[in-house]
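Chains L and D supply the protein sequences, listed in that same order.
Take -14 as the starting number for the first sequence in the working numbering and just add one per residue.
Take 585 as the starting number for the second sequence in the working numbering and just add one per residue.
Note that CB positions come from ideal geometry on N, CA and C, so glycine has one too.
For clarity, every value in this text was computed on a predicted model and none was experimentally measured.
Structure first, then comments.
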Amino acid sequence: MDSVGLVLAAASAQLASRSWRVISEKIATYRGPKSDMVVQDPRGRTYVIEVKLGEGRAHFSEVAQIESVANDLRNGEDDQVTPVLVTNRQVPPSIRGVAETVGVQIVEASGTERDVANALVEHLDGHATRR
Amino acid sequence: MRAEFWVKHSDIREDDLRDRLRRVFGDDDRSAIDSSEVFTPEWRDSVLFAREDPSYRLICFKSTDIELQMHVEPINANIFRASESAWLGIKKVFKEKNPELTDLRLVDPQSHRDFLSARTGLRTELRRREVVSPLIVAIAVAIYSILAVLSFAENDAGRFLLGAISGVIPGIVAVVLAWLEARKGVLRWG
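This is the structure we're talking about:
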């Protein structure tokens, strides 16, 4: 299993134990691109997750890509699907700013795959509680 | 399929950069974003420059004062041709601003994973097998010649070195050609 797979496996296990529903770790939407993972919080709100691990800086395209997958998954304007990009790459303020504008949440994490998974779960838990 | 570029350059003002992009690639045309496979129209105001020609769609972002990020989607060209053309254009844009390709990755549209990357520069050229082989031979011949001249060929050093030179020349030629390719900024995939 590659690094992304390890992050997804660790995150799915933790989320499942908190009554989240892991719909797919690699879902294919009807119209095209896939995301790494789609999950639903206990209240039924959907999150589309994309994990990008590596060196250097994040790229604007990565933000656009997860936003586009979230749009594809929405069934109408009322359907809330939150795109989340998880990365251990450096995220410049310019990318963070655009992500905010288009509604993509960025989780910056470092360390092992487990640390990245923990950061993701913590973020999702916090977000679900706040809303 | 798409290519993601990270290009480092000397500090340059945003309007100057946009102007240079316009001079090389043509007018900024944000409608190119509407037909993108990845970007939605919501991005129209966030990009620095966008343009579509028959070969590829180019979308540029200023990520920091010294880094430009580019997104290239091929239309009527293959991804390699499109990437090379975009890179040649960007080199013209930053002519005297020391453009450096920090990274270039090709991304698979289904898995969203990058599957191939490209590099430029002298270090990349010198690591190529076509350059490494003659270079190693040339270094070995040079070392052997020095040892020979200091020992058994001491009395006939000139003739020995003239004979040995044929082993060194291919290495020198390989390095010169590598330097020329690096100056041209040729993309090396791998």
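Going along the segment 67 to 83 of chain L in order, which residues come within less than 7 Å of chain D, judged by CB to CB distance?
Pro77, Ser79, Ile80 and Val83
Where in the segment 586 to 628 of chain D do unbroken runs of the beta strand (DSSP E), each at least 3 residues long, occur, reported from the N-terminal end onward?
586 to 592
Kindly indicate if chain L contains any beta-carbon less than 8 Å away from that of His696 of chain D.
yes
Here's a check: name, in chain order, each residue in its chain whose Cβ is nearer than 6 Å to the Cβ of Tyr728 of chain D, leaving out the five neighbours to either side.
none
From the DSSP output, in three-state form, read off Ala13 of chain L for me.
Annotation note: pLDDT 45 at Ala13 of chain L (below 50); position unreliable, no value reported.
CB contact flag (Phe589 of chain D, Val656 of chain D, <8 Å)
yes
Is it right to say Met654 of chain D is buried, meaning 16 or more other beta carbons lie within 10 angstroms of its own, or is it exposed?
buried
Can you tell me the Cα-Cα spacing of Ala137 of chain L and Leu58 of chain L, whole angstroms?
An answer regarding residue 137 of chain L cannot be provided, because it is not within the stretch -14 to 116 covered by chain L.
Of the residues that make up the segment 35 to 62 of chain L, which ones have a beta carbon closer than 7 Å to any beta carbon in chain D?
Glu35, Gly41, Arg42, His44, Phe45, Ser46, Ala49, Gln50, Glu52, Ser53 and Asn56
For Gln90 of chain L, does the three-state DSSP call read helix, strand or coil?
strand
Can you name the residues of chain C whose CB is closer than 9 Å to the CB of Val92 of chain L?
Judged by its chain identifiers, the structure shown contains no chain C, and its protein chains are L and D.
Using the rule of at least 16 other Cβ atoms within 10 Å of the residue's Cβ for burial, across every protein chain shown, is Ser630 of chain D buried or exposed?
buried
Spatial distance of Arg602 of chain D from Arg6 of chain L (CA atoms)
46 Å
Between the segment 611 to 620 of chain D and the segment 700 to 710 of chain D, are three or more C-beta pairs nearer than 8 Å?
no
The segment 42 to 59 of chain L touching the segment -14 to -3 of chain L, judged by at least three CB pairs closer than 8 Å
no
Exposure of Trp763 of chain D, with buried meaning 16 or more beta-carbon neighbours within 10 Å
exposed
Quickly, what does DSSP pair Lys37 of chain L with across the bridge? List them, please.
L:Thr72
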